[in-house]
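Numbering that gives the first Met the number 0 numbers the first residue of the sequence shown as 0 and each following residue consecutively. Beta carbons are placed, not taken as given, at the ideal position from N, Cα and C, and that holds for glycine. Read through the structure below, which is laid out as structure tokens, and then see the notes.
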Amino acid sequence: MVSTISATPESSRHPASGRQESSRQYLADPTTASPNQRLLPLSADVNDDDHLTVGGCDVVALVETFGSPLYILDEHTLRTACRQYKESFARHYPDESLIVYASKAWSCLAVCAIATQEGIAIDVVSGGELQTAIEAGAQPENLYFHGNNKSLDELTLGLAAGAHIVVDNWHELKSLDQLAQQTGKAATLLLRLTPGIECHTHEYIRTGHIDSKFGFDPDQLEEVFAFIAERKASLRCVGLHAHIGSQIFELQPHHDLADVMAGWFQTANRYGLPIEQLDIGGGLGIRYTESDDPPSIDQWAKTVCESVVTACQARDLPLPKLLCEPGRSLIGSACVTAYTVGGQKTVPGIRNYVAVDGGMSDNPRPITYQSVYRILAASQMSAPLSETVTVAGKHCESGDVVIESASLPPLTAGEVLVVPATGAYNYSMASNYNRVPRPAAVLVNQGEAALILRRETYADLVRQDCLPESLQPAR
Numbered sequence: 000m001v002s003t004i005s006a007t008p009e010s011s012r013h014p015a016s017g018r019q020e021s022s023r024q025y026l027a028d029p030t031t032a033s034p035n036q037r038l039l040p041l042s043a044d045v046n047d048d049d050h051l052t053v054g055g056c057d058v059v060a061l062v063e064t065f066g067s068p069l070y071i072l073d074e075h076t077l078r079t080a081c082r083q084y085k086e087s088f089a090r091h092y093p094d095e096s097l098i099v100y101a102s103k104a105w106s107c108l109a110v111c112a113i114a115t116q117e118g119i120a121i122d123v124v125s126g127g128e129l130q131t132a133i134e135a136g137a138q139p140e141n142l143y144f145h146g147n148n149k150s151l152d153e154l155t156l157g158l159a160a161g162a163h164i165v166v167d168n169w170h171e172l173k174s175l176d177q178l179a180q181q182t183g184k185a186a187t188l189l190l191r192l193t194p195g196i197e198c199h200t201h202e203y204i205r206t207g208h209i210d211s212k213f214g215f216d217p218d219q220l221e222e223v224f225a226f227i228a229e230r231k232a233s234l235r236c237v238g239l240h241a242h243i244g245s246q247i248f249e250l251q252p253h254h255d256l257a258d259v260m261a262g263w264f265q266t267a268n269r270y271g272l273p274i275e276q277l278d279i280g281g282g283l284g285i286r287y288t289e290s291d292d293p294p295s296i297d298q299w300a301k302t303v304c305e306s307v308v309t310a311c312q313a314r315d316l317p318l319p320k321l322l323c324e325p326g327r328s329l330i331g332s333a334c335v336t337a338y339t340v341g342g343q344k345t346v347p348g349i350r351n352y353v354a355v356d357g358g359m360s361d362n363p364r365p366i367t368y369q370s371v372y373r374i375l376a377a378s379q380m381s382a383p384l385s386e387t388v389t390v391a392g393k394h395c396e397s398g399d400v401v402i403e404s405a406s407l408p409p410l411t412a413g414e415v416l417v418v419p420a421t422g423a424y425n426y427s428m429a430s431n432y433n434r435v436p437r438p439a440a441v442l443v444n445q446g447e448a449a450l451i452l453r454r455e456t457y458a459d460l461v462r463q464d465c466l467p468e469s470l471q472p473a474r
């Protein structure tokens, strides 16, 4: 469940001594090994200049070199999460399994290449994400193409690439059947079904309940299976898929999902469909604030694996290949966003504002989902958090607030602030609102930083604009 508790001066005080804590309090607990349970990347530390470091790189120096806002992605944390998922499923599931990265969380060449190198498949939801995954080296058998309204062009691309098409509705199923017949190439597909399971998350990120735009209604199940069974030359249904939501801390819904999906699996067998895969989606949450307490990757994997085994054994079904699709819990905690402080404003008796050089265009989650984050003084990590301020973005929008009631030390213009846990749905949902160029991103590891996304320029912003002859300025 997404926390809605903001930092306060009281919550920043040490419970025993009453002294004010510093930004060091947000450093990762070395006893917590699961990346999704950390506020900061695994490599986060403080150097002799009292600056935050990530991946062995001084964050203040990174801003001096690459500018801000700046996404800073820790390669070690991302690779660790990939490996923990693979190792946990291998440990808890007695048959074959596959981890599939939900690349909508952050789709770019470097991220998809790291996942591919780690043996992680890629889940895409558009032609653009599909192209990115292919160029990053993902193999056809490791591509899963989702989406509730794929165009004919996108279905054609997916079919040509040899991807698994995750079919969402009747229109898509019939279109895919026609395309397969026209090309003479059978489509390999999974069916997405709505399980009717509710989770306590924001309504926009709940996808498993019956009133959802995603997936076939369970009441259509047998009709869909019969349709596919009659078209085995063009439609090869190898799996079933369901997803119950995002940023989930509860484990019980995943247990319930396994039981529902095993029932679907049993029904598919009656129609002679070659079901080999069960894809239980993703949804494991991450820690955005101290009050967030998500299960570890291993706890989540253990629940999912044991629940699928139990559900299949109860129905005397063979164990399928088990797939899961983590996105946020793979990459969310691996990235921080650095900002530079600008102007400040005091509204007497009401609020103190600190403005930064980014905001809703590089992180739309607070204004979209009312998401809550923490913020650190990266250039003075040991300074007491003696001020309570609202960190505001630079955009012409009253709701462009990064964090309300943030606990920070006194700040001056030019200092660097850092928001942790910004790897998921920050760059991927970034915009050019107010024609603000999107930030750069760097990959850091063992003291080295490599640019993985160039900062947009003003020339980039007008590149696609067309000015009719009648509107050309006088020369």
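Those residues which DSSP pairs with N444 across a bridge: Translated into the one-based positions of the sequence shown, residue 444 becomes position 445. The partner list for N444 (beta bridge, DSSP) reads E447.
In terms of DSSP beta bridges, what is H165 paired with? The residue labelled residue 165 in the question sits at position 166 within the sequence shown. According to the sequence shown, residue 165 is Val rather than His. Answer is L189.
Local Cβ density within 10 Å of T76, reported as buried at 16 or more and exposed below that: On the sequence shown, position 77 is the one that residue 76 refers to. T76 should be labelled buried.
To the nearest angstrom, how far is it from the Cα of H170 to the Cα of I402? As a working mapping, residue 170 is identified with position 171 in the sequence shown. As a working mapping, residue 402 is identified with position 403 in the sequence shown. The straight-line gap from Cα to Cα measures roughly 42 angstroms.
For Q246, count the other beta carbons within 10 Å of its own beta carbon; 16 or more makes it buried, fewer makes it exposed. Which is it? Indexing the sequence shown from 1 puts residue 246 at position 247. Q246 should be labelled buried.
Element boundaries [beta strand (DSSP E), containing K149]: On the sequence shown, residue 149 is found 150 positions in, with the first residue counted as 1. Here K149 belongs to no beta strand (DSSP E), and DSSP marks it neither H nor E.
Would you call S290 buried or exposed, if buried means 16 or more other Cβ atoms sit within 10 Å of its Cβ? Position 291 of the sequence shown, counted from the first residue, corresponds to residue 290. The residue is exposed, with fewer than 16 neighbouring Cβ atoms inside 10 Å.
For the 8 angstroms Cβ check, are there 3 or more pairs between the region 325 to 341 and the region 278 to 297? yes
Work out the CA separation of F213 and I204 for me, nearest whole Å. By 1-based counting over the sequence shown, the position of residue 204 is 205. By 1-based counting over the sequence shown, the position of residue 213 is 214. Note on I204: pLDDT 35, under 50, position unreliable in the model; no value is reported.
Between the C-alpha atoms of Q298 and V461, what's the straight-line distance to the nearest angstrom? Reading the sequence shown from its first residue, position 299 is the one you call residue 298. Reading the sequence shown from its first residue, position 462 is the one you call residue 461. Looking at the two C-alpha atoms, the distance is approximately 48 angstroms.
Taking 8 angstroms as the limit between beta carbons, can you name the residues of its chain near V237, skipping five residues before and five after? What you label residue 237 is simply residue 238 of the sequence shown in a count that begins at 1. Cβ neighbours of V237 beyond the five flanking positions: H163, T187, L188, L189, P273, I274, E275, Q276.
Using a threshold of 7 angstroms, state whether the C-beta atoms of S67 and D399 are closer than that. Counting from 1 along the sequence shown, the entry for residue 67 is found at position 68. Counting from 1 along the sequence shown, the entry for residue 399 is found at position 400. No; because the gap between Cβ atoms is not below 7 angstroms, this pair is not in contact.
How big is the Cα-Cα spacing for E202 and I119? Along the sequence shown, one-based indexing puts residue 202 at 203. Along the sequence shown, one-based indexing puts residue 119 at 120. The predicted model places E202 with a pLDDT of 40, which falls under 50 and marks its position as unreliable; any figure quoted below should be read in that light. So the two alpha carbons sit approximately 29 angstroms from each other.
Compute the Euclidean distance between the alpha carbons of H394 and N433, then round it to the nearest angstrom. As a working note, residue 394 is residue 395 in the sequence shown. As a working note, residue 433 is residue 434 in the sequence shown. In a straight line, the C-alpha of H394 is about 7 angstroms away from that of N433.
Do V418 and T336 have their C-beta atoms within less than 7 angstroms of each other? For this step, residue 418 is matched to residue 419 along the sequence shown. For this step, residue 336 is matched to residue 337 along the sequence shown. Yes, these two residues count as a Cβ contact at 7 angstroms.
How do the region 99 to 106 and the region 124 to 141 stand: do at least 3 beta-carbon pairs fall below 8 angstroms, yes or no? yes
Just list the residues that DSSP pairs A276 with in beta bridges. The residue labelled residue 276 in the question sits at position 277 within the sequence shown. Residue identity check: residue 276 is Gln in the sequence provided, not Ala. Q276 pairs with G238, K320.
Using only CA atoms, which one of S427, V346, C323 lies nearest to R364? Residue mapping note: residue 364 aligns to position 365 of the sequence shown, counting from 1. Of the candidates S427, V346, C323, the one whose C-alpha sits nearest the C-alpha of R364 is S427.
Does the count of Cβ pairs from the region 121 to 128 and the region 434 to 449 closer than 8 angstroms reach three? no
If you reduce the DSSP assignment to three classes, tell me which class D73 lands in. Working through the sequence shown from its first residue, we reach residue 73 at position 74. Strand at D73.
Are N362 and N268 touching if we call contact CB-CB under 7 angstroms? By 1-based counting over the sequence shown, the position of residue 362 is 363. By 1-based counting over the sequence shown, the position of residue 268 is 269. Not closer than 7 angstroms, so no.
If I follow the unbroken beta strand (DSSP E) through I475, where does it start and stop? Residue 475 is absent from the model: the chain starts at 0 and stops at 474.
Give every residue of the same chain whose Cβ lies closer than 6 angstroms to the Cβ of Q312, excluding the five residues on either side of it in the sequence, and list them in chain order. Locating residue 312 in the sequence shown gives position 313, counting from the first residue. Correct list: empty, nothing qualifies.
Roughly how many whole angstroms lie between the Cα atoms of S22 and V53? Translated into positions along the sequence shown, residue 22 becomes position 23. Translated into positions along the sequence shown, residue 53 becomes position 54. Their Cα atoms are separated by approximately 14 angstroms.
What does the alpha-carbon distance come out to for the pair T206 and A473? Here residue 206 corresponds to residue number 207 of the sequence shown, with the count starting at 1. Here residue 473 corresponds to residue number 474 of the sequence shown, with the count starting at 1. The predicted position of T206 is uncertain, since its pLDDT is 44 and thus under 50; a value taken from the coordinates is nonetheless stated next. If you take the alpha carbons of T206 and A473, they lie about 53 angstroms apart.
What are the start and end residues of the beta strand (DSSP E) that includes R350? Counting from one through the sequence shown, the residue named residue 350 turns up at place 351. Counting along the chain, the beta strand (DSSP E) containing R350 begins and ends at 350 to 355.
Which word fits N148, buried or exposed, when buried means at least 16 other C-beta atoms lie within 10 angstroms of its C-beta? One-based indexing of the sequence shown puts residue 148 at position 149. It is exposed - the Cβ of N148 has fewer than 16 other Cβ atoms within 10 Å.
With distance defined between alpha-carbon atoms, name the residue in D278, A225, H240, V303 nearest to E249. Position 250 of the sequence shown holds residue 249. Closest by alpha carbon: V303.
Would you grab the beta carbon distance between A458 and L69 for me? Rounded to a whole angstrom, and I think it's under 8 angstroms. Position 459 of the sequence shown, counting from 1, holds the residue named residue 458. Position 70 of the sequence shown, counting from 1, holds the residue named residue 69. With 8 angstroms as the limit, A458 and L69 do not qualify as a contact, their Cβ atoms being about 20 angstroms apart.
Bridge partners for A337 per DSSP, in chain order? On the sequence shown, residue 337 is found 338 positions in, with the first residue counted as 1. BP columns for A337 point to L69, V417.
Reducing DSSP to helix, strand and coil, say where P139 ends up. Counting from 1 along the sequence shown, the entry for residue 139 is found at position 140. P139 falls in the helix class under three-state DSSP.
My output table needs one value for C311: the three-state DSSP class, helix, strand or coil. Here residue 311 is taken as the residue at index 312 of the sequence shown, counted from 1. DSSP places C311 in helix when its eight states are reduced to three.
Bridge partners for Q343 per DSSP, in chain order? The residue given as residue 343 occupies position 344 in the sequence shown. Per DSSP, V353.
L39: beta carbon under 6 angstroms from a heavy atom of the ligand SAH? Absence of the ligand SAH from the depicted structure is noted, as is the absence of any ligand whatsoever, leaving it without description.
Rounded to whole angstroms, what's the CA-CA distance from A179 to L108? Just pull it up for me. Here residue 179 corresponds to residue number 180 of the sequence shown, with the count starting at 1. Here residue 108 corresponds to residue number 109 of the sequence shown, with the count starting at 1. In a straight line, the C-alpha of A179 is about 29 angstroms away from that of L108.
With three or more beta-carbon pairs closer than 8 angstroms as the criterion, would you say the region 369 to 386 touches the region 50 to 64? yes
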